[in-house]
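Reading through the structure tokens given below for one structure.
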Amino acid sequence: MADTFQESLPHGLTDVPVILGSDKTMLSTLSGDKSAWPVYLSISNLSKAKRRSVKSNGLILIGLLPRCPNGPKTHTIKIAYQESMATMLRPLEEPAKSGIKVLYADGRTHHASPRIALFLADYPEQCNITSVKYVWCPCCAIDSDDM
């Protein structure tokens with residue numbers, strides 16, 4: 004059994020951990036009723052300074068999920084969120100399995116395999132991702148009345 008994920012990859016394949024992030028954003032400053040969820044992608048092989056720098060393009064907007072209008076049930080909104088995320092991430096499926104040739108900063112071409120390593124989200128987005136009811140704790144079985 005491999006000690007690390009890198010050792011479990013086929014010989015010559017480099018691991019490229021992908022970081023995703025999402026947070027509900029207000030689009031309208033005057034009326035305040037227009038919101039969406041931007042979804043960002045970065046890779047953890049970048050240094051923190053490069054990833055956070057606006058000029059380095061270390062963080063890429065891969066999609067903007069609109070807020071569903073009032074009316075649909077919460078479960079329907081969560082399913083729509085999950086299906087949209089699956090659609091946005093589908094282009095990573097094949098490269099994750101077989102790898103893709105990537106030109107690195109050292110000028111050499113490497114065979115790389117992207118994988119989702121981290122999803123940064125606050126509590127409302129975590130509830131949408133995991134289909135957990137909004138005010139329930141996804142980590143424990145204690146009823147909210149007993150806290």
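Following the working numbering, the numbering of the sequence shown begins with 4 at its first residue and continues without gaps. Don't be surprised by glycine CBs; every beta carbon is placed ideally from N, CA and C.
- A residue is called buried when at least 16 other Cβ atoms come within 10 angstroms of its Cβ; residue 44 meets this threshold and is buried.
- DSSP places residue 54 within a helical segment (H, G or I) once states are collapsed to three.
- Residue 66 places its beta carbon 7 Å or farther from that of residue 29.
- With 16 or more other Cβ atoms from the protein chains shown falling within 10 Å of its own Cβ, residue 117 counts as buried.
- Apart from the 5 residues on each side of it in sequence, residue 123 sits with its Cβ closer than 6 Å to the Cβ of 24 in its chain, given in chain order.
- If the five residues before and after residue 27 are omitted, its C-beta is found closer than 6 Å to the C-beta atoms of 38, 40, all from its own chain and listed in chain order.
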